[in-house]
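If you're matching positions, the sequence shown starts at 372 in this note's numbering and goes up one per residue.
A virtual CB, placed ideally from N, CA and C, is assigned to each residue, including glycine.
On a predicted model such as this, the values are computed, not experimentally measured, just so you know.
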Amino acid sequence: MTRARTLRINEAALTGESEPAEKVPEPLPDVPEGVLADQRNIAFNGTAVVYGRGAGLVLATGMSTALGRVAELLQEHAGGQTPL
Numbered sequence: 372m373t374r375a376r377t378l379r380i381n382e383a384a385l386t387g388e389s390e391p392a393e394k395v396p397e398p399l400p401d402v403p404e405g406v407l408a409d410q411r412n413i414a415f416n417g418t419a420v421v422y423g424r425g426a427g428l429v430l431a432t433g434m435s436t437a438l439g440r441v442a443e444l445l446q447e448h449a450g451g452q453t454p455l
């Protein structure tokens, strides 16, 4: 069972948004899976609740999370010399 009461989460580490995202417990069928900023019904690993309260279900852990995907992309980067 998922619940949210005026829940706002700081997702700046994943989305770059400066304002906390307001979360809702209802399904959002029209949101593409890869667009993190538009997924208002999911709380992501590595983000912080700044207001309100909520309860939810764990959908993924470790490298299967959005933050895990970012870490995976960083590991895959070859890393060469920068021009600076």
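Alpha helix (DSSP H) containing residue i: first to last residue?
i	result
GLY433	No alpha helix (DSSP H) contains GLY433, which DSSP labels as neither H nor E.
What distance in whole Å lies between the Cβ atoms of residue j and residue i, which are believed to be in contact at a cut-off of 8 Å?
i	j	result
GLY464	GLY427	Outside the displayed range of the chain (372 to 455) lies residue 464, so it cannot be described from this structure.
PHE415	GLU382	6 Å
Taking the DSSP output, what are the residues bridged to residue i?
i	result
ALA375	GLY425
Out of the options, which one is the CA nearest neighbour of residue i?
i	options	result
PRO398	GLY417, ALA383, ASN412	ASN412
ARG424	ASP401, GLU393, ASN416	GLU393
Exercise. Mind listing, in chain order, the continuous beta strand (DSSP E) runs of no fewer than 3 residues lying wholly within the region 393-426?
Key: 419-426
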